[in-house]
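Top to bottom, those sequences are chains A, B and C. Residues in the first sequence are numbered from 1449 upward in steps of one, following the numbering used here. Residues in the second sequence are numbered from 263 upward in steps of one, following the numbering used here. Residues in the third sequence are numbered from 3 upward in steps of one, following the numbering used here.
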Amino acid sequence: MSKLITVSPSPHMHGKDNVKKLMYWVILALLPAFLVSVIFFGIGALIVTAVSIVACVGFEYLIQKYLMKVKPTISDGSAAVTGLLLAFNLPTNIPVWIILIGALVAIGVGKMSFGGLGNNPFNPALVGRVFLLISFPVQMTSWPEPVVSRTQYADAVTGPTPLAIIKEGISDGIPVSELMGQIPGYFDLFIGRMHGSMGEIGALALIIGGIILLARKVITWHIPVSILATIFVFTGILWGANPEANADPIFHILTGGVLLGAIFMATDYATSPMTPKGMWIYGIGIGIITVVIRIWGAYPEGVSFAILIMNAFVPILNKYIKPKRFGEEVQNG
Amino acid sequence: MSDVIVYSIVSLSLLGVLAALILYIIAQKFKVIEDPRIDLVEQELPGANCGGCAMPGCRAFAEQLVKADDISDLNCPVATNENMAAIAKILGKEIAEKEPLVAVVRCNGTPEFRPKTNHYDGASECSIAHSLYVGESGCPSGCLGLGDCVRVCNFDAIHMDEKTGLPVVIDDKCTACNACVVACPRDIIELRKKNKKDRKIFVSCINEEKGGVARKNCKVACIGCGRCVKECPFEAITLENNLAYIDPFKCRLCRKCAPVCPTNAILEINFPPRKEKKEKEGTPAGEK
Amino acid sequence: MLKTFPKGGIHPAEYKITAGKPIEVLPVPKTAIIPVSQHLGAPSTPVVKKGDTVKAGQLIAKSSAFVSANIHSSVSGKVVKIDNVTDTSGYRKTSVIIEVEGDEWDEKIDTGKTLKKEFGLSGEEIIKKTEEAGIVGLGGATFPSHIKLSVPKGKKAEVLIINGAECEPYLTSDHRLMLEKGDELMVGTKLLMKALGVEKAMIGIENNKPDAVEHLTSLAVNYKGISVHPLKVMYPQGAEKQLIKSLINREVPSGGLPIDVGTVVHNVGTAVAVYEAVQKNKPLVERLVTISGKSLKNPGNFMVRIGTPVSELIEAAGGLPEDTGKVINGGPMMGKALNTIEVPVTKGTSGILVFPENESKREEVQNCIRCARCVSICPMALEPYLLKAASERGMWEIVENDKALDCMECGSCSYICPSRLPLLDYIRLGKSNVSRIIRSRKQ
C-alpha cells in the first residue's frame, strides 16, 4: 500500500450535524419572526438587524484575531445568531451607535471575555440588551408604532407596549377590563401587530420557528414548555384570584419577550442546563422570576432579567442535578 | 438635612461594628491552631506544587515533614540540598543528601530510523494512543510523540522537537520532579544521575522484543547483542529481556560502550567529539 | 409500538450492504496465525510446539485461568513457529503459526451438514462441552461462554435472551446466520436453555431484518419455550444491558451482571457454536465474518477459519480498493481500526470494514457548545461532556463518582457531538485510570 492507513479509536462513524449546521438552523428558525417585524416595522427592522449582525460578527473577528490571537471562527454562525437575537431585543428606531455598543458588550463582555463559544455563562445577546436597557432607558423603551412606521427609522411614531400600558394602568388603579380596550386584540397580539422589540412581537412566527427547532432536534421541548407552563399557571392563579387587577395568562404569554425568550434565548446551549431535570428547574425559575418582575417589579417586562438570573444558576444545576443513571435504581418487574 | 447625615453615619457605623463583631466571633470559633514551623518549612520548599513528592502540594508536604518523626525518606525532588538542609535545621531532624538527577528520554526513534506504518487520528494524548495500539511505528515501546510529558511539566523543561517528533529535556530547567516519568504510558523517561557538564551515556531504547523484530521496526533499537556488556570495565551494563541497561550510578562515563553498539542505540551526550583514533579514548571518568 | 430501551440511543445510517449476500465459505488459508489470546481474560498456554503436526479441531492452547478459553487449530498442517504476531489488539501477541497441508479434521468431529436435533445430555455436560470447545461470546466481547452458563450459587436464571439485534451499521453476519442456520440456532438455544435450567428463551431482533424475524418466528413454533421479538431499530440495542431492558424491562444494576436480574444473554452466533460443539463435537474454529465497505468490489458474508489473515479475506472480497483509508475489525461504532491488514481473523472478528479515505479522518474539533446532546443520547444516562472534561484534567474522583465505569464504550456520544469532540477517547482514558485507582485501593 502506498498510502498509510489511518488508525483511530472507535467510533468510526459520525453524525451529520455540526455546530455550523445547528447555528444556521437557529437562524433559519428566526427568519419567520424577522419577516413579521419587517412587515410591521419596515426599514427600521432591516437597519437594526443588519447593523447588529455585522457588528457582532465583526467584533468577534477582531477580538479573536487581535486580542485572543486565535484563528477566527466567525463562520460557525454563533456570532451571527447572537447578532440576530440582539437585534430582536431592540426597538427598531434605536440609533446605530447604541446597537454598536450593545454588540460590543454582547460579544466582548458576554462571550469572548469568558473564552468564546461554549464558555459563556450568560446569554451574550441578553447581556448586551440588559446593558443597553440600563444605560439608555429612554431609547430602549420608545417603541415605534407598527405598520405606520414602516418607512420611518429614527423619526418613527412611538408608543408604549401592551405590558407597559397594563402595568401603568394597574398601578394607577384602573381596572384591567378597561385597560384591555387600549391594547390591540388577541388576534393582533398573536400575529404581532403591537408595540415592542423588533423580534418579540410575532407570536405565531416565533412558534413556527420553535417547531422548526424541535423538529430538527436543535432544542428539546423541556425549556420552552416549562417556561410557558409556569408563566401560564402563575399568571392564571393571579388572574383567577383578581381578574380586575391582573391580566389574563394568554395576554402574558403573547406579549413581551416570553415566546422569544422561551424558544430562542433560554434554550441557548452554553447557558442552559445539561439534563432534562435541570432544564425543568431552570424553566420554572425563569417563569416565576418573569412573572414576579412583571407584576411586582419596577420594569413592565422581566424575561431578559429572568433568563440572566437563571443562567447564573446553571453551573449549580449541572453540578447537582444528575440524570438517573441506567441501573441506578433497580425497579424490576 | 443634618438629621439624614447623622442617621446615616450612626447606622453605618453600627453596621460596621456589628460586622466586625460577627467576623471576630467566627474567626475565634473556627480558629485552627497550626504548628508555626509548617510556614517556615513551606517557605523553604519551591512552591511549585508539582506533586513530585506524591503530596497534593507544597503545603501538604510541609505538614507531612513537620509531622513525621523520620524525614529521611521524605524527599522533595525539586528542592536543592541547601533547601532540604535548612528544613532539617528548622525541624531539628536528619536528612540525607541526594544525588542530583535529571530526566532522560530513552527513545531515539526519529522518523528516519523508525518509519511510520500508519497514521494515528485520535485524541492527541499518548495514553489514549498507547491503550489503542502499538503506535504509528511498529515499535510497541517507542515514543508516541503526542506530548503527555510536555503537558505535565511544570518547569517548562521538556518540549517536543518538531523534526524528530521526540521530547527533549532541557537539563538546566529539569528539576527531576518525576512528573514526566509518571505521565509517560510507556515508561520511556527515566531519572538518571546528573553528571558534570550534563554529560550522559545511556541506552536510548527500551524495546524488549527479540533483536530481529526490534531492529525491523527501528534502526536504532537495542537488539540485546550484549557487546556493550562485555566492553564495560565497571560492570555497569546489564542485559535483561533482550535489552541492555546502563546503571547511571555505576557508569564512569568512559565511553567504551557506545562505539561497539552495532545499532548506535547507546547515546553519548555533551561529550567533546571523539578523536579518530580509538586508542586515545577511555581513561576512566576521563572527560578532562 | 415496537419495544426498545427507553434511555438514549442513536440511529446511525445502516449501510447493511451485505444483508442479501448468502454465506460463502472462504478457502482454507496457506498459513494460519492463531493467537493464544482471542478472548477476554488470561491468554491460553500453547500445548503444541514447533514441528508438531496438527489436525483441524485439535487443541493447540489450553485455558490457563478461570476466565480463559481453549484454542483449537482451525486447519491441518505443521506448526512452523510460535512467535509474536500483531493481532487485532494492535500489539504483537503470542500466536501459533501453522503451515497448512490439506484439510484433515480430527476424527471425533462430525463435519456433515445434517441437522441433529435430539440430545440427551445434562446441563453440566453441555457446559463442559462448551468449555472444551473454547466457545466465547461471538458478538464481539469474546467473554468465555461457559462462565456465563454456570449460574453462581444463590442466583437463578429465569429467562435466556438470544441477541440477534445486530445494531452496528454494516454488519450482517448475525442476520445471515439467522436466515441460513435457523434450525441450528434453535437447537443451540435449546441446549443453552437446558444448561441454564430455564424454560423460556427470547430472541430479540431489530426490525430492520424482517426476513429473519419471519423465518425464526415460523421455526420457533416447533421449539417449545422459544419466542422471537422484533425490536425498534436503535443503537446500541445489541448491548447486553440495553437488550435486557428492551425485552424484559429489567435494569441490570450498575456494576452488576445480567444474572443479577435473572437472565443470561448469548449472541446468536454463540448459540450456533454451542450447537456445533455439543451435537457435532466441533470446537470453535471458524466464524462468520461480514466484509463490507462502500468501495469494495465484492462485499459479503464469509465463513472464515480462525487465523486466516485479514488480507486474504479482503482479497476474496475483491481486493483492497485504491481509496482505502481505514480497515476496521468489527463494526463502525465499536470496532477497532487495524494498523496492518496482516492480522489474523480471531474469535471476536464479527466483521472487517474497509473505509474510503474521505471517511477515515476525523473532522476538526471545536469548543464544546454544551448542547447536551451527549447527555440525552447516552444509553447509560451518563454525562459524557463532563467525564471528558474531568479526564482531560486528571480529575479522577469526578470520573469515578459520575459512573464512568458504567460506560460500555458504545460511541454514541462521539457520534452525536456537533463539535466533533473525541468524548469516548477521553472517557476510556478516565475508565482505565479509575479502574487502576480502584485496584490499588483494594490492595
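Note that the Cβ used here is the ideal one computed from N, Cα and C, for glycine as well. Since this is a predicted model, take the numbers as computed values, not measurements.
Point to revise | C-alpha gap between Pro-1520 (chain A) and Gln-368 (chain C), whole angstroms | key: 12 Å
Exercise for review: Could you check what DSSP says for Tyr-1730 (chain A) in three-state terms: helix, strand or coil?
Suggested key: helix
Review point. Taking any Cβ of chain B, which residues in the segment 332 to 357 of chain C have a Cβ under 9 Å from it, in chain order?
Key: Lys-338, Ala-339, Leu-340, Asn-341, Thr-342
Check your understanding: When the distance is taken between beta carbons, is Val-56 (chain C) closer than 8 Å to Val-49 (chain C)?
Key -> no
Point to revise | Contacts of Asp-383 (chain B) in chain A (Cβ-Cβ under 8 Å) | key: Thr-1454, Val-1455, Ser-1456
Exercise for review: Please classify Glu-306 (chain B): does DSSP put it in a helix, a strand, or coil?
Suggested key: helix
Review point. The alpha helix (DSSP H) spanning Glu-216 (chain C) covers which residue range?
Key: 212 to 222
Check your understanding: Under 8 Å between the Cβ atoms of Val-280 (chain C) and Ile-128 (chain C)?
Key -> yes
Point to revise | Proximity to Met-336 (chain C) [Cα-Cα], best of C:His-231, C:Ile-12, C:Ser-414 | key: C:Ser-414
Review point. Where Ile-352 (chain B) and Val-303 (chain B) are concerned, what is the direct C-alpha to C-alpha distance, given to the nearest angstrom?
Key: 7 Å
Exercise for review: Evaluate the contact criterion for the segment 354 to 363 of chain C versus the segment 389 to 409 of chain C: three or more CB pairs, one atom per stretch, below 8 Å.
Suggested key: no
Review point. When you compare only the Cα positions, how much space is there between Phe-375 (chain B) and Cys-519 (chain B)?
Key: 21 Å
Practice item. Could you pull out every residue in the same chain whose Cβ sits closer than 7 Å to the Cβ of Ser-1447 (chain A), ignoring the five residues on either side in sequence? Key: A question about residue 1447 (chain A) goes unanswered here, because the residues of chain A that appear run from 1449 up to 1781.
Check your understanding: Do we get a CB-CB distance below 8 Å when we pair Gln-445 (chain C) with the residues of chain A?
Key -> no
Check your understanding: Does the separation of the CB atoms of Gly-1688 (chain A) and Ile-1755 (chain A) fall below 8 Å?
Key -> no
Review point. Beta-carbon of Gly-43 (chain C) versus every beta-carbon of chain B: anything under 8 Å?
Key: no
Practice item. Could you confirm whether any beta carbon from chain B is found closer than 8 Å to the beta carbon of Arg-364 (chain C)? Key: yes
Practice item. Would you give the residue range spanned by the alpha helix (DSSP H) that Tyr-277 (chain C) belongs to? Key: 270 to 282
Check your understanding: Taking the continuous beta strand (DSSP E) assigned at Val-38 (chain C), which residues delimit it?
Key -> Careful: Val-38 (chain C) lies outside any beta strand (DSSP E) and carries neither H nor E.
Practice item. Check each candidate in C:Pro-212, C:Ile-207, C:Glu-366 and name the one with the smallest Cα separation from His-231 (chain C). Key: C:Ile-207
**Study point:** Environment of Asn-343 (chain B) [buried if 16+ CB atoms lie within 10 Å]
**Key:** exposed
Review point. Going by beta carbon distance, what residues of the same chain come within less than 7 Å of Ile-73 (chain C), once the five residues before and after it are set aside?
Key: Ile-36, Val-38, Gln-40, Ser-46, Ile-62, Ala-63, Gly-136
Review point. According to the neighbour-count rule (16 or more other Cβ atoms, all chains shown, within 10 Å of its Cβ), is Pro-298 (chain B) buried or exposed?
Key: exposed
Check your understanding: How about Ser-1 (chain C): is its C-beta nearer than 8 Å to some C-beta of chain B?
Key -> Lying outside 3 to 445, the shown extent of chain C, residue 1 (chain C) is not represented and no answer is given.
Check your understanding: Could one say the Cβ of Ile-295 (chain B) lies closer than 8 Å to chain A's Cβ atoms, at least one of them?
Key -> no
Exercise for review: Give, in chain order, every residue of the segment 402 to 430 of chain C whose Cβ lies closer than 8 Å to some Cβ of chain F.
Suggested key: Reference to chain F is not applicable here, since the protein chains of this structure are A, B and C.
Review point. Would a check of beta-carbon distances place Asn-1780 (chain A) closer than 8 Å to chain C?
Key: Residue confidence for Asn-1780 (chain A) is low, a pLDDT of 49 falling below 50, so the modelled location carries little weight; the figure read from the coordinates is stated next. At least one chain C Cβ lies under 8 Å of Asn-1780 (chain A).
Practice item. Just grab the DSSP bridge partners of Tyr-382 (chain B) for me. Key: A:Val-1455
Review point. What do you get for His-13 (chain C), buried or exposed, if any count of 16 or more other CB atoms within 10 angstroms of its CB means buried?
Key: exposed
Point to revise | Beta carbon proximity, Ser-378 (chain C) to chain A, threshold 8 Å | key: yes
Check your understanding: If you pair each beta-carbon of the segment 186 to 200 of chain C with each one of the segment 307 to 322 of chain C, do three or more pairs fall below 8 Å?
Key -> no
**Study point:** Beta-carbon contacts of Leu-1686 (chain A) that lie in its chain and below 6 Å, excluding the five residues immediately before and after
**Key:** Asn-1694
Review point. From the beta carbon of Phe-1699 (chain A), is the nearest beta carbon of chain C less than 8 Å away?
Key: no
Check your understanding: Using a C-beta cutoff of 8 Å, does Val-396 (chain B) count as contacting chain C?
Key -> yes
Exercise for review: Could you list which residues in chain B have their beta carbon closer than 8 Å to that of Tyr-93 (chain C), in chain order?
Suggested key: Tyr-395, Val-396, Pro-402
Check your understanding: Which whole-angstrom value is the C-beta distance of Phe-1570 (chain A) and Thr-1719 (chain A), which I expect to be below 8 Å?
Key -> 6 Å
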